[in-house]
Amino acid sequence: MYLCKSPKIDDATQEPENCKDLLAWVECLPAPNISCLLPNGTRFKFSGEEVGFNKSVPCRNVTGYSYKVAVALSLFLGWLGADRFYLGYPALGLLKFCTVGFCGIGSLVDFILISMQIVGPSDDLSLRRWTERTGRKT
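When we follow the UniProt record's numbering, the leftmost residue of the sequence shown carries the number 1, and every step to the right adds one.
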């Protein structure tokens, strides 16, 4: 039996402070009076205060951008520019809205670009998380 500490949350990002590659590591403490046999043959008895091991916990998606939502918006509402508004490109979204998705051609091109993950969120932090989640290399 063991108890893992809660990760320290960064106030700015609302994610664990040591979040890397969408994982954070937390310290876990074995229960008091648990003993382990060490490689050298001696027994070690935990008091409940020692760190026994580190455990990974997933970081949450707090940016609000979802690849699946972006593809769905591009497919169904791309002619209105909803996909570009969602991803943080309001000027392109307005242009697509006013031209009805460039008569459908722009909507098709954007659907392909978003599906192939060539176009993602406009801000760098969200783009980094987007590519980490989808596995695409930039």
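Just so it is clear, CB atoms sit at the ideal spot from N, CA and C, and this is done for glycine as well. The model shown is predicted, which means the values in this text are computed figures rather than measured ones.
Among 34, 56 and 57, nearest to residue 46 - alpha-carbon criterion: Cα-wise, what sits closest to residue 46 is 34.
Rounded straight-line distance, which links the Cα of residue 101 to that of residue 82: 10 Å
Residue 3 beta carbon near the ligand SAM (any heavy atom closer than 7 Å): Among the components modelled here there is no ligand, and therefore nothing to report on the ligand SAM.
Contact check, residue 24 vs residue 57, beta carbons under 8 Å: yes
Residue range of the beta strand (DSSP E) that includes residue 4: Here the beta strand (DSSP E) through residue 4 covers 2-4.
Reference residue 19; option with closest CA among 31, 48 and 55: 55
Beta-carbon proximity check, residue 122 vs residue 87, cutoff 8 Å: yes
Same chain, Cβ closer than 6 Å to residue 4, neighbours up to 5 away in sequence not counted: 26, 28 and 55
Extent of the continuous alpha helix (DSSP H) to which residue 96 belongs: 90-98
Neighbourhood of residue 53 by C-beta distance below 6 Å, restricted to the same chain and skipping five residues each side: 28
Assigned secondary structure, residue 109 (DSSP; H/G/I helix, E/B strand, else coil): helix
Local Cβ density within 10 Å of residue 69, reported as buried at 16 or more and exposed below that: exposed
Close beta carbons around residue 93, own chain, < 6 Å, minus the five adjacent residues each side: 81, 84 and 85
Whole-angstrom distance between residue 21 and residue 1, CA atom to CA atom: 28 Å
Cα-Cα separation between residue 119 and residue 6, rounded to whole angstroms: 35 Å
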